[in-house]
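See structure below.
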Amino acid sequence: MPLESCMILLDNSEYMRNGDYIPTRLEAQQDAANLLAGAKTQSHPESTVGVSAGTDLLVSPTDDVGKILGALHGLPFKSEKPDVAASVQVASLALKHRRNKNGGQRIVLFVGSPLGDIEPRVLSKAGRQLKKNNVAIDVVVMGEVEENQEKLQELVEAANGRSDDGNRTCHLVTIPAGVLPSDVLASSPIVHGPGGGGGGGGSFAENGEAEGGGDGGVGTFADFGGVDPNMDPELAMALRVSMEEERARQERAAASSAESSGAQEESKDADMPDAETAPDAADTSNVGAGGMDLGLSEEEALLQQALAMSMNENDPQEQESGSADIAAEKPAADNDDDAAMQMALQISMQTEKESGESSGRQFQDPQFVNQLLGSLPGVDPNDPDIQNALRDVNEGDEKDEKEDGKESKK
């Protein structure tokens, strides 16, 4: 941080006895002021800090930490409400007479009492005067937020300016009840300078306002888990390594979940064609059962099924008449069956006779017999015994034919 002279304005009214901040508002304020004084004096070797309570100047801007801490912890209570405008003017005069004129000027105002008697235009006028004198102001609200928020916002807006890097120079920080003010200020722009603080008690707006509670981000030290690497380098490095490992683990988990979801979608897409083709396969199987066994095509099988259905849809009277005609034709059908049986017997006898004659003619053919004998394993067609046997068979067949011819002539 650059060289800077800072005045800390404390609130020591009776309202600071309230216990909504642990242990009381006054002691929580002293703890936060102690943190702030240490941060300012350590940020630059020539930075100075002063302390005042209302219009009472306790310590002029100095680099003596002992004097500063003594003024902070020896603060008594007062029954009067603080006059914010007059207190700001006293602090501005103390900064005007600072020892080192080269550094910047800043006032940190703690407010824990209601400002019901002070008009917003008075605070706005005081803010414009601070801006004219190049004095920045940071306001810390501890309690009575509903009543003091808008008025103190007027003060900050009137005194607000822009730093060289474009950040606002004045900030308004609201400390929620039950939260330690030192925890919130440790991560606020009030300690780290304009643009140097993160969340702390909440998200800091462009005007420096912070709302909410709990631990938040820590600005420039967010990569080190909120620990200043200059103060404790080993702890800061350990926290940074742990955060990087956790970030890598989360990225791997996200990638694996994305891959698993993609695989599930692909499997669903692959199963859909099978489900669509299943009915078609069932239809073709049914068609095959009805018509493919007969050697028919799908169209012919479907046509036959349609004809059968149309025939089944005929009137019951036609079915009854058809059954009567069939019953009347049964005797004639029986006679026809007997005649057909006799005719079939005659045809079978003729076919057996013709087949016997044809087989006999085949065995009378020498070429056929030689080919048949040559196909048998271990048989020589040229064997004299086989040739004599075949000759005797042929001669016997010729004699039988001659005798049949003579009998037919008689």
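Quick note: the sequence shown uses the working numbering, first residue 142, plus one each step. Positions of the beta carbon are idealized from the N, C-alpha and C atoms, including for glycine.
Bridge partners - residue i, DSSP secondary structure assignment
{"i": "I316", "result": "M283"}
{"i": "G191", "result": "M148"}
{"i": "I278", "result": "I248"}
{"i": "T310", "result": "Partner(s): none; T310 has no beta bridge."}
{"i": "L198", "result": "S193"}
{"i": "K219", "result": "S154"}
Closer than 9 Å to chain D by CB, residue i
{"i": "E375", "result": "Among the chains in the structure shown there is no chain D, since it carries only a single protein chain."}
First through last residue of the beta strand (DSSP E) which encompasses residue i
{"i": "G245", "result": "G245 to V252"}
{"i": "S328", "result": "S328 -> no beta strand (DSSP E), and no H or E assigned at all."}
Beta-carbon proximity of residue i to residue j, cut-off 9 Å
{"i": "S233", "j": "I209", "result": "no"}
{"i": "V281", "j": "L326", "result": "yes"}
{"i": "V225", "j": "A212", "result": "no"}
{"i": "E145", "j": "Q246", "result": "yes"}
{"i": "G257", "j": "A299", "result": "no"}
{"i": "L264", "j": "E295", "result": "yes"}
{"i": "K292", "j": "I259", "result": "yes"}
{"i": "H185", "j": "P217", "result": "no"}
{"i": "T182", "j": "V190", "result": "yes"}
{"i": "S188", "j": "D204", "result": "yes"}
{"i": "R166", "j": "G284", "result": "yes"}
{"i": "V276", "j": "L313", "result": "no"}
{"i": "P522", "j": "N529", "result": "no"}
{"i": "G302", "j": "I163", "result": "no"}
Expected contact under 8 Å - CB spacing of residue i and residue j to nearest Å
{"i": "I278", "j": "V297", "result": "7 Å"}
{"i": "G195", "j": "S228", "result": "5 Å"}
{"i": "P202", "j": "M148", "result": "7 Å"}
{"i": "S254", "j": "D161", "result": "Going by Cβ atoms, the distance from S254 to D161 rounds to 13 Å, so no, they are not a contact pair."}
{"i": "V231", "j": "L198", "result": "6 Å"}
Continuous alpha helix (DSSP H) stretch holding residue i: start and end
{"i": "D172", "result": "R166 to S184"}
{"i": "K273", "result": "P261 to K273"}
{"i": "K237", "result": "V225 to K237"}
{"i": "G257", "result": "It is not in any alpha helix (DSSP H) - G257 carries neither H nor E in the DSSP assignment."}
{"i": "G160", "result": "That residue, G160, is in no alpha helix (DSSP H); it is neither H nor E in DSSP."}
{"i": "G207", "result": "V206 to H214"}
{"i": "N453", "result": "E439 to N453"}
Check your understanding: Between the region 268-276 and the region 170-177, are three or more C-beta pairs nearer than 8 Å?
Key -> In short, these stretches do not touch, since the Cβ pair count stays below three.
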